[in-house]
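In the numbering used here, the protein residues as written are 746 to 1137.
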């Protein structure tokens, strides 16, 4: 056997020449062509099989990715974890609670437990719809992030410099101070005024809540912080200035949110029609129901507004299933058979989403055509909401 060349010593493998020498020595000449053909066929077959197996794995993965997975079903109303006992349900002194006006103007709170469902977008555009009809609107932003404040002031080429809502819940506010604190929104919304909110409102909410709980535990006589906004908004001097009040509430049961529920006549819950958001709407309603009878028994659900739907005036099959789920689950807490305002859905539109925090899409959606489309959407939404409001 020939010596192994230097090049093969490093690899430990025979060289090509050695292989050929062994082949010539071991295979008779008449069989060599057939052996070469057979060897070539075997190698080719192995390569093809390897590629075939790779392609098969690829198509299986593609199929599993493409194939629709069964949608996760949201929990039913009876499957929700029970709400915890809240300190907000502490006893109420009925003698000192402010009296609501029997013929109050509509006070609508827009609230949801889950963020990202179009709460502020709905509130701002509803105000624009009402303003266009000549209604005198008061906007109250009680979400410390100030999204509504930034949206409506940006539409008026203004800036949010401070929070004007702190005095509504800290006990220092009066009806006269409220009316002096509102900001006009110029020609963009000539009939609308706003009480702005900024980040420091979160500290005010927390401090007011802690002081109240401590005073209650120590037996100190204090006015009930839960009804401070109610006392101001149900003052006749305030109500004479407006036709309707819209409140943007935070996505949690904070001091501001509880004040909004106690002061309001109606509640609107926006939600995306997916399992997670729908569950949040049901859990939110369950929490509301746990405190409603004690704190705000007169609060009525105006409806659930579907947002970010995939179609303009209709639903996909999955969205329709979620609508049925919401109607079936929420009637346990609110009664009625049609809780969802099916004709008031807000479709997914870039023109609506892009305006968030920068402008009101009803006033300016980027182009005349886009603005006209957005106006048609929110005119329809407003019509459905106020149709139900007026028929109650």
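Note that beta-carbon positions come from the ideal geometry of N, C-alpha and C, so glycine has one too.
- Your pair residue 969 and residue 838 checks out as a contact, with CB atoms roughly 7 Å apart and the cut at 8 Å.
- For residue 1045, the enclosing beta strand (DSSP E) covers residues 1045-1054.
- In the DSSP secondary-structure assignment, residue 882 is bridged to 937, 989.
- If you draw a straight line from the Cα of residue 1029 to the Cα of residue 1000, it comes to about 16 Å.
- Taking the CA atoms as reference points, residue 1103 sits about 29 Å from residue 1064.
- Sorting 1072, 1052, 991, 1059 by C-alpha distance to the C-alpha of residue 1027 places 1072 at the top.
- Each residue's CA atom was taken as its position, placing residue 1015 and residue 1075 some 13 Å apart.
- Residue 923 is positioned such that its CB atom lies closer than 8 Å to that of residue 913.
- Residue environment for residue 1053: buried (at least 16 other C-beta atoms within 10 angstroms of its C-beta).
- In the DSSP assignment, the residues bridged to residue 928 are 939.
- Distance from the CA of residue 1080 to the CA of residue 1034, rounded to the nearest whole angstrom, comes to 11 Å.
- Per DSSP, residue 1012 is one residue of the beta strand (DSSP E) stretching across 1011-1017.
- Put simply, the backbone Cα of residue 1048 is about 25 Å away from that of residue 977.
- Only exposed fits residue 1061, as fewer than 16 other CB atoms lie within 10 angstroms of its CB.
- The C-alpha of residue 834 is placed about 7 Å away from the C-alpha of residue 1039.
- DSSP links residue 1003 through a beta bridge to no other residue.
- In this structure residue 831 touches residue 998 by the C-beta definition: roughly 7 Å separates them, less than 8 Å.
- DSSP places residue 853 inside the beta strand (DSSP E), whose first and last residues are 852-855.
- DSSP places residue 1092 in the strand class (E or B) of the three-state scheme.
- Beyond the five residues adjoining it in sequence on each side, residue 1009 comes within less than 7 Å, by CB distance, of 852, 853, 854, 992, 1044 in the same chain, given in chain order.
- In the structure shown, residue 1085 adopts extended strand secondary structure according to DSSP, grouped into three states.
- Here the alpha carbon of residue 936 sits roughly 5 Å from the alpha carbon of residue 881.
- In this structure, residue 872 sits away from residue 887, with a CB-CB distance that is not shorter than 8 Å.
- In this structure, residue 1096 keeps its C-beta atom at 8 Å or more from the C-beta atom of residue 1068.
- Inter-residue distance for residue 798 and residue 1022 is about 42 Å (C-alpha atoms, whole angstroms).
- If the five residues before and after residue 981 are omitted, its C-beta is found closer than 8 Å to the C-beta atoms of 846, all from its own chain and listed in chain order.
- Nearest in C-alpha terms to residue 1004, of all of 1036, 988, 983, 1059, is 1036.
- For residue 957, the number of other beta carbons within 10 angstroms of its own is at least 16, and it is reported as buried.
- DSSP places residue 997 in the coil class of the three-state scheme, outside both helix and strand.
- Three or more Cβ pairs closer than 8 Å define a contact, and the region 860-878 meets that threshold against the region 892-905.
- Rounded to whole angstroms, the Cβ separation of residue 996 and residue 1101 is 15 Å, and the two are not in contact under 8 Å.
- Taking each of 904, 942, 1017, 1077 in turn and checking the Cα distance to residue 1055, the smallest one comes out for 1017.
- Looking at the backbone, the Cα of residue 1125 and that of residue 878 are separated by about 14 Å.
- Going by DSSP, residue 1057 is part of no alpha helix (DSSP H) at all; its letter is neither H nor E.
- Here residue 908 really is in contact with residue 941; their C-beta atoms are around 6 Å apart, less than 8 Å.
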